[in-house]
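Asks: Quick note on numbering that gives the first Met the number 0: the sequence shown kicks off at 0 and runs consecutively.
Note that CB positions come from ideal geometry on N, CA and C, so glycine has one too.
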Amino acid sequence: MKSDEIRFTALLIMVIIVAATVYQGFFPKKSTEHFSELGILGPNMKIADYPKELRVNESFTLYLYIGNHEGKIAYYRILVKLGNKSSFINETVPMDAPIIAKYEKVLMNNETWIYPISLSINKEGVNLRLVFEMWIYDEAVNGFKYYGRWNQLWLNVTASKPS
0 MKSDEIRFTA LLIMVIIVAA TVYQGFFPKK STEHFSELGI LGPNMKIADY PKELRVNESF
60 TLYLYIGNHE GKIAYYRILV KLGNKSSFIN ETVPMDAPII AKYEKVLMNN ETWIYPISLS
120 INKEGVNLRL VFEMWIYDEA VNGFKYYGRW NQLWLNVTAS KPS
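Here's what the structure looks like:
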């Protein structure tokens with residue numbers, strides 16, 4: 000009698016474990032984490048081969064990557080700024096530097112966008128900081144707010160070749 004109760008209890012526990020596992024497979028927990036992605040890809044659309052040494056006004060191509068996982072439609076603005084090694088930026092403070100390019104895109108939830116961008120730097124400098132900031136439209140303020148996402152490339156830019 001005792002061994003039958005033990006077998007029944009063990010079988011019941013196994014059935015509960017199997018049922019819980021199957022349930023999770025058919026009804027996965029929905030993610031409630033909302034976020035956006037910002038990435039810069041090199042000229043071959045990879046996270047590699049970024050330019051480091053350029054000449055003044057030399058054109059170069061990168062790819063802008065934006066991903067929307069906010070759980071709703073989102074309107075993005077990417078500001079490209081040029082600073083130097085002492086320019087400050089973090090998750091709450093955007094960089095105080097000249098804007099050299101601006102890109103805007105509306106994305107549906109779970110949509111991504113990869114877009115080729117052509118840039119050039121119009122001044123010489125060592126350790127120039129090319130920063131890409133993500134801004135998102137906020138209906139509450141009826142304008143764009145810095146989202147705290149940013150990427151950067153470090154560049155050395157030398158004078159143009161003499162003609």
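Taking just the CA atoms, how far does Gly66 sit from Glu110?
Replies: Straight-line Cα distance between these residues: approximately 6 Å.
Asks: Measure how close the beta-carbons of Ile77 and Glu132 come, nearest whole angstrom, since I'm counting them as under 8 Å.
Replies: So it is a contact: roughly 7 Å between Cβ atoms.
Asks: Since I believe Val156 is in contact with Val55 (beta carbons under 8 Å), could you give me their beta-carbon distance rounded to a whole number of angstroms?
Replies: The Cβ separation is near 6 Å, so the contact holds.
Asks: Would you call the segment 45–59 and the segment 81–92 touching, i.e. three or more CB-CB distances under 8 Å?
Replies: Too few Cβ pairs lie closer than 8 Å, so no.
Asks: Who pairs with Phe59 in a beta bridge, going by DSSP?
Replies: Paired residues: Leu118.
Asks: So Asp137 is in the beta strand (DSSP E); what residue range does that whole segment cover?
Replies: Looking at the DSSP string, the run of the beta strand (DSSP E) that includes Asp137 is 124–137.
Asks: Using a Cβ-Cβ cutoff of less than 7 Å, which residues in the same chain neighbour Gly41 once the five nearest sequence positions on both sides are dropped?
Replies: These residues qualify, in order along the chain: Ala47, Asp48, Tyr49, Leu61.
Asks: For Tyr146, which of His68, Ile39, Ser35 has the nearest alpha-carbon?
Replies: If we check each option's Cα against that of Tyr146, Ser35 comes out closest.
Asks: State the beta-bridge partners of Arg6 as determined by DSSP.
Replies: Arg6 pairs with nothing; no bridge assigned.
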